[in-house]
Structure formats: structure tokens, C-alpha cells
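Report on the structure given below.
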Amino acid sequence: MGAKSSPKGRNTAKGLLFSFGIISDIQYGDIPDGFSFKGVPRYYRAALPSLQRAVEDWRRQGVDFAMHFGDILDGYHPNAESEAALDALLKVFDALEKPHWHMIGNHCLYNLPREVLNERLRMGGPGGASYYSFSPHASWRVVVLDGYDISLLGWPPEHPLHQQALQILNERNPNQEKNSPDGLEGPARRFVKFGGGASAQQLTWLTEQLAGAQSQGQLVIVCCHLPLHPDTCPGACLLWNYEEVLDICRHAGNVVTTLTGHAHQDGYAVDEWGIHHRVLNAVVETKPGTGCYGIMDVYTDRLELRGTGDMVSAIMHARLQKAMDDNQCQQQHKDAASDGLQIVRQTS
């Protein structure tokens, strides 16, 4: 049976702990409509009123906070006007009068420096990176990853993480144009300039966050702009070292779901450890007036996504299996080494 709602739309189902609005890849630009590299229409100006309708609905339904999954501005937006455009978008988010949380995407970094984004979107992390966590309820923790921690985007050329990204791309992508995945197949197509990875420091931080949540009896939602499971999206969209992140999540045993954006099309998978993996549709590729947002209702044992327009509804139960033991982790690392990228996390 679906969740009950009051006349104003507020979920009144028994056992509801909190609700939050979700939306992804707004990619607003005060520019004419265009197309993706695959020829999919993009509605840049319509993205702003799409956000306004989402916020109005969230307010009406009384969400506790909202989350945007990266790429708040489009890369084609004139850089000289990026801060003014960001002001307009944040004014809409602020109208919610509740906290709104963001994550960094490649289009964000095409527009503004990382330090500006961290300040304006309130997502600063260790060493100038953009990862953080918060607990909206005593029994749940939300962990937000920075998919561009290791990246050619957002760091000056001399920065160690920029240099590490350059080395990875030179080793993994033979094309002179590093934005091109030509000649690469499957998940190996992720080694492109518009992608990125999680540093050793971030992997250590993630491990500590999940352990801390475990000690407090918390279930966890892991969020990132870049998708984290190969069955949810095209290979070119994946986090460079997604295997290591999945390894950490599976070992912890308390991650219920990963929520991501970037791929622009809805994607879903559940792995053998019972972790749900969801990729969210993009606002920028939604026809004007259609809507593409949702409300996530969180209970003690499940998440219920109520989608509007192109956002697909879903119920994700906390079907957690036993955490991976050390032998399984070692095998996962071997598999990752044979197929993908290993950035070994720091140990104390």
C-alpha cells in the first residue's frame, strides 16, 4: 500500500522519520535550448521554473530538507554570468526555508572555482575537497562524496590531485582528447576528463564515517554526482574507482542505498549485499512543464521515493546482508585491480 497523504500532500504514514526533496542535474543556463552529444534535447532556460515548481511542491508537502545531485549550472553558460545565475538558483532553493544540500559535478566546475562552489553551496570538506556528512535523524546518516576529488577539473595544474588525475588518464585512456572514450569498452570508458575519482584521504574518511554510523546504530545513504554501480548507467559515467567505494560500503554492512546523478537517465540495480543503487533523471533533459523531482520518505526499514514527472517512484527496503569479511574484501580488491583503478585508502 502506498504512503498516505494529508489534503496538502504531507505524508502521514505511520513510522515516517523524515522526508527530503531530491532533484538532479538542473544544468540551468540563460541560453537557447540545445542538445547533448547524443542528440538528446536540453532545455536550459526551462530548468529554472522546473526547480521553482519542485520547491513549491516540497514546501507544500513539508519536506525536512532538499538535495541536489550536482551540475547546478550548465557548462555552456557564460562564465561571466555564472555567479549571477547561481544566485538566482540559490534564491529558489532558499525559498524552501529548509536546509538544502548539494554535491559537486563537472558542469559546476566548468563554471566556477571549487572554493567558490564550496562556499556558496556549503559543501566544503578536508583540504578544500567537497565531501561531507550529516544526520537528519538519530537512526540515519547521509554521506556525500566528492566525485571530482581526483580530477583535472577544479584543481590548479600543480595540485597533487590534478597530477594524479593526469597520470590516471594517461595510463588508462590512449586518446589524445581525454574527454573521448573512443576505443575503450564497458566500465573502462569511465576514464575520461569529465569524470573523476575519490582520493585515498576521502576513502579513509568514508570508512570512518560508515564505522561511526555503525557504532551509533545508523543506516546510511551514500550520495555522489557520479554513479557508483556499473549496472545503473553507461560506462563513461562511472566514478573512476567505484569498485573501491562499493568495497567500503559492502564491508560496512549499513549502507542501504547509493543515490547519484550525472548519467541523465534513470538507472537502478540492487547488488548481492542488498544495497540499492539509483541514478536520477536530469531536469535539463525534461520537457518544460513535465517535472523531474521527487520526495524521499524515510522509515526505520526502507526508503520510499515518490516521483513527479520523469522521476520514477520506487521503494527500497533495507535488505542488508552480512558485511563482507576480510577475505571477500581482498578478492574484491583483486577483481578491481584486474579491471579498474585502485587508490588504496590510508590506514591508521
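This note's numbering applies: residue 4 is where the sequence shown begins, and numbers increase by one.
For glycine and all other residues, C-beta sits at the position ideal for the given N, C-alpha and C.
It should be emphasised that the depicted structure is a prediction, and the values quoted were computed from it without experimental measurement.
Sort the options by Cα distance to residue i and report the nearest one.
i    : options                   : result
P159 : S136, Q64 and P116        : P116
T235 : A201, V225, Y271 and T261 : Y271
S138 : V147, G130 and G131       : V147
W276 : H232, R193 and P237       : H232
G199 : W208, H228, G220 and Q221 : H228
G32  : G150, L19 and P52         : P52
C29  : V66, D274, F197 and A91   : Just to set this straight, residue 29 is Ile in the shown sequence, not Cys. Of the candidates V66, D274, F197 and A91, the one whose C-alpha sits nearest the C-alpha of I29 is A91.
Q204 : D152, L187 and E180       : D152
T293 : R192, G42, G312 and H280  : G312
E59  : A317, S316 and I298       : I298
L19  : V66, Q55 and R45          : V66
D74  : E307, R56 and N114        : N114
L242 : D274, P81, G215 and N109  : N109
E211 : S202, Q64, F194 and A255  : A255
L54  : D36, D269, A83 and K94    : K94
E174 : W143, I34 and R193        : R193
W143 : H162, L306 and W104       : L306
Q268 : I251, C295, L164 and N257 : C295
F21  : A57, G310, V301 and I318  : V301
P184 : S136, C240 and L164       : C240
R123 : Q64, F96, G130 and E100   : F96
Would residue i be called buried (16 or more neighbouring beta carbons within 10 Å of its own) or exposed?
i    : result
F38  : exposed
D338 : With a pLDDT of only 49 at D338, under the threshold of 50, the placement of this residue in the model should not be trusted, and no figure is reported.
A16  : exposed
V287 : buried
K181 : buried
S133 : buried
F23  : buried
G264 : buried
C111 : buried
V43  : exposed
P230 : buried
E161 : exposed
K7   : Confidence at K7 is low in this model, with a pLDDT of 36, below 50, so its placement is unreliable and no value can be given for it.
F40  : exposed
A88  : buried
A216 : buried
K310 : First, the amino acid is wrong: residue 310 is Gly here, not Lys. Buried, since its Cβ has 16 or more Cβ neighbours within 10 Å.
N82  : exposed
D250 : buried
E118 : exposed
D36  : exposed
Please state whether the Cβ-Cβ distance between residue i and residue j is less than 9 Å.
i    : j    : result
Q170 : N244 : no
R125 : A98  : no
F72  : M106 : yes
G238 : P177 : no
Q219 : A321 : no
L172 : K196 : yes
R282 : A266 : According to the sequence shown, residue 282 is Val rather than Arg. Yes, Cβ-Cβ distance for V282 and A266 is below 9 Å.
V315 : N284 : yes
A168 : L187 : no
Y79  : Y46  : no
D149 : A214 : no
I278 : T303 : no
A104 : V145 : Per the sequence presented here, residue 104 reads as Trp, with Ala not at that position. Against a cut-off of 9 Å, the Cβ pair of V145 and W104 comes out as a contact.
A57  : I26  : yes
List the DSSP bridge partners of residue i.
i    : result
C227 : T263
L115 : According to DSSP, which records beta bridges pairwise, L115 is partnered with nothing at all.
M314 : Answer is none; M314 lacks a bridge partner.
G130 : Answer is none; G130 lacks a bridge partner.
F68  : F23
M299 : F23 and L308
F38  : P44
V282 : T263 and G270
What I want to know is whether the C-beta of residue i ends up closer than 8 Å to one or more non-hydrogen atoms of the ligand GDP.
i   : result
H71 : Among the components modelled here there is no ligand, and therefore nothing to report on the ligand GDP.
| Of all the beta strand (DSSP E) runs that stay within the bounds of the segment 185-259, which reach a length of 3 or more residues? | List check, beta strand (DSSP E) in window: 222-227.
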